[in-house]
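Asker:
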Amino acid sequence: MSEEKFDVIIVGGGIAGSVTALLLARAGLEVVMIERGNYSGAKNMTGGRLYSHCFNGIIPDFAEIAPIERKVMHERVSMMTETSNFTFDYTSDRLAQPGKESYIVLRGIFDRWLAEQAEKAGAMAVNGILVENLIIRDGKVCGVIAGEEQMFADTVVLADGANSQLTTKAGLQRKPVTPHQIAIGAKELFELDEKKIEGRFNLAPGEGSAWLFAGWPSGGMTGGGFIYTNKASVSLGIVVTAAEFINARKSVNELLEQFKAHSAVKPLIEGSKLIEYSGHMVAEGGYGMLPRLYSDGVVAVGDAAHLVINAGYTVRGMDLAVGSAAAAAAAIISAKSRGDFSEKSLSMYKRLLDDSFVMRDMRRFRKYPRFMENRRIFNEYPEMADEIFAGVFVTDGAPQASMFSKIFKTAKKNGLRNLAKDCIKGVSTL
Ligand SMILES: Cc1cc2nc3c(=O)[nH]c(=O)nc-3n(C[C@H](O)[C@H](O)[C@H](O)COP(=O)(O)OP(=O)(O)OC[C@H]3O[C@@H](n4cnc5c(N)ncnc54)[C@H](O)[C@@H]3O)c2cc1C
């Protein structure tokens, strides 16, 4: 591969990499996508739910041809303590409206399919190769180094995920990422009969449930648990901010074990078979954590650019990966038409991104990471929900207080001022 020159080299064959490759190849550019895993998706994990709107105009018949697991028809959010669980379960035909629906995907299957679409469009996919470094000449990124090999291109696209080392080497990531900006995710996949999944999660055939938990799953630390229903398996995991583990009393594995053993979770996976375990980082710093997104001969997309939103009730990274890939591809195609791959020319990427749903939503949720550092959300409030509902539903013959006085008494115990402050902050942040 020595001294080979391409129009574009893409590092990373995840969702961001494959969509960039697909769009560039369709436009006739000579593209190579280099993935360190033996196939695209081999190293990737997500809970996870994908909002399909991002594929509008990229793969029009997406829902018919993509290897999706289930359409999300139940949005569930729980507040969990060691011995209780309060769940909010939303279902509506609106969740199924074309262009607004979301799907649960398994990345090992989905990413492989997406990379194949890029290959069919003419991109070259090289798997099992780790890109170790960039070739930078006169301040311009002009290629990559993988083992003994050097490969050259007009533009290098960094799509190498949340733990990207190359964004630092390219001078895009100037400040080191802090443990408050990164979360650790761990996921287990349980094989379970399709019919059992539908029975246990109250789903019609083909329907899925996206379920996030606050409180007990993260041991009261900033983070939460998740359960997603696949066709014939269930994804279950936790995500906890890395900074929390500096003084944590429990490891990720211990948290995962206690989550699975909870009385509200155990029956859901009873009799299933553990078939996969994975761990991954999540960039959770939001808008304030964004690196520079482009420089001479280089752009960063998806998680490598830290384009992720954790809004508590939903995690979004995959649709932002697709949106950023589309903006990057459009900017590179335009740069190619001018024969100019300078920083100025590639700044079009940032302009397109700013005008897209990606940056609009990143900006909207910009205060959310700070709000989520509030420990009350993961400790006092799940306890409070437990006390209120125990007061409402547990009856033992003793004189009953009115609903209002039960709620008021419990809220007062936890500090009415804090509660009011957090409610206002939560609503204004969202
Ligand atoms: C536990 C968990 C749950 C999540 N849940 C959701 C969810 O429900 N919905 C959602 O939208 N998002 C979710 N996310 C976030 C989502 O997974 C990411 O935002 C998304 O994967 C970003 O895609 P990407 O292509 O940018 O990066 P990645 O998917 O990380 O892909 C990067 C690729 O680059 C490759 N690579 C890395 N370094 C190199 C190198 N040096 N050389 C060659 N190849 C390299 C990797 O092997 C990988 O294939 C979740 C994340 C985690 C960890």
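Sequential numbering of the sequence shown, starting at 3, is according to our numbering. Each residue gets a CB set at the ideal place from its N, CA and C atoms; glycine is no exception. None of the values given here were measured: they were computed from a predicted structure.
Out of S104, L97, S80, V10, which one is the CA nearest neighbour of M320?
Answerer: Closest by alpha carbon: S104.
Asker: Less than 7 Å separating the Cβ of H282 from some heavy atom of ligand 3?
Answerer: Judged by which ligands are present, ligand 3 is missing from the structure shown, whose ligands are ligand 1.
Asker: My understanding is that L136 touches V143, with C-beta atoms under 8 Å, so please give their C-beta distance in whole angstroms.
Answerer: That pair is a contact at about 5 Å.
Asker: Nearest-angstrom Cα distance between M3 and V33?
Answerer: Low confidence applies to M3: its pLDDT is 46, below 50, so where it sits in the model is not reliable, and the reading given next is rough at best. Rounded to the nearest angstrom, the two C-alpha atoms are 14 Å apart.
Asker: Is E60 near ligand 1, going by C-beta to nearest heavy atom under 7 Å?
Answerer: Per the sequence shown, the amino acid found at residue 60 is Ile instead of Glu. I60 Cβ: outside cutoff for every heavy atom of ligand 1.
Asker: Measure the alpha-carbon distance for E193 versus G201 and round it to whole angstroms.
Answerer: Their backbone Cα atoms lie some 15 Å apart in a straight line.
Asker: Can you find a heavy atom of ligand 1 that lies under 7 Å from the Cβ of L52?
Answerer: Under cutoff, so the answer is yes.
Asker: Do you know how far the Cα of A234 is from the Cα of A285?
Answerer: Roughly 29 Å separates the two Cα atoms.
Asker: Please list the terminal residues of the continuous alpha helix (DSSP H) segment that includes F64.
Answerer: Its alpha helix (DSSP H) spans residues 64 to 67.
Asker: Please classify L354 as buried or exposed, where buried requires at least 16 neighbouring CB atoms within 10 angstroms.
Answerer: L354 is buried by the Cβ-count criterion.
Asker: I need the boundaries of the alpha helix (DSSP H) containing W115, first residue and last residue.
Answerer: First-last of the alpha helix (DSSP H) with W115: 109 to 122.
Asker: Measure how close the beta-carbons of A313 and A18 come, nearest whole angstrom, since I'm counting them as under 8 Å.
Answerer: The pair is not a contact, with the Cβ atoms about 20 Å apart (cut-off 8 Å).
Asker: Quick check on the DSSP output: what are the complete alpha helix (DSSP H) runs of length 4 or more inside the stretch 173 to 213, in order along the chain?
Answerer: Whole alpha helix (DSSP H) segments, 4+ residues: 196 to 202.
Asker: Can you find a heavy atom of ligand 1 that lies under 7 Å from the Cβ of N46?
Answerer: N46 Cβ: within cutoff of ligand 1.
Asker: Can you say whether K102 is buried or exposed, counting buried as having 16 or more other CB atoms within 10 angstroms of its CB?
Answerer: K102 is exposed by the Cβ-count criterion.
Asker: What does the Cβ neighbour count give for D140, buried or exposed, with the cut at 16 atoms within 10 Å?
Answerer: Burial call: exposed.
Asker: Does at least one heavy atom of ligand 1 sit under 7 Å from the Cβ of V133?
Answerer: V133: yes, Cβ under 7 Å from ligand 1.
Asker: Nearest-angstrom Cα distance between A328 and V13?
Answerer: The straight-line gap from Cα to Cα measures roughly 16 Å.
Asker: Report the option in G210, E190, A188, R96 whose CA atom is closest to the CA atom of K198.
Answerer: Nearest C-alpha to K198: G210.
Asker: If you draw a straight line from the C-alpha of K163 to the C-alpha of I409, how long is it?
Answerer: Note that residue 163 corresponds to Gly in the displayed sequence, not to Lys. When rounded, the distance between both Cα atoms is 45 Å.
Asker: Hey, quick one: how far does the beta strand (DSSP E) through M81 stretch, first residue to last?
Answerer: 72 to 82 is the span of the beta strand (DSSP E), which, as asked, contains M81.
Asker: Decide if K7 is buried, meaning its Cβ has at least 16 other Cβ atoms within 10 Å, or exposed.
Answerer: Its Cβ having fewer than 16 others within 10 Å, K7 is exposed.
Asker: Are K461 and G221 close, meaning C-beta to C-beta below 8 Å?
Answerer: Outside the modelled stretch of the chain, which goes from 3 to 432, sits residue 461, for which no answer is possible.
Asker: On the three-state DSSP scale, how would you describe S235?
Answerer: S235 falls in the strand class under three-state DSSP.
Asker: For E150, count the other beta carbons within 10 Å of its own beta carbon; 16 or more makes it buried, fewer makes it exposed. Which is it?
Answerer: It is exposed - the Cβ of E150 has fewer than 16 other Cβ atoms within 10 Å.
Asker: Assign P405 to one of two classes, buried (16 or more other C-beta atoms within 10 Å of its C-beta) or exposed (fewer than that).
Answerer: Here residue 405 turns out to be Met, not Pro, going by the sequence shown. It is exposed - the Cβ of M405 has fewer than 16 other Cβ atoms within 10 Å.
Asker: With a Cβ-Cβ cutoff of 8 Å, do R51 and I111 count as a contact?
Answerer: No, these two residues do not count as a Cβ contact at 8 Å.
Asker: Please work out which residues of its chain come closer than 6 Å, Cβ to Cβ, to M361, disregarding the five sequence neighbours upstream and downstream, and give them in chain order.
Answerer: Answer for M361: L355, listed in chain order.
Asker: Quick check on this structure: which residue in I36, S42, Q99, A250 has the alpha carbon closest to the alpha carbon of H55?
Answerer: Per the Cα distances, Q99.
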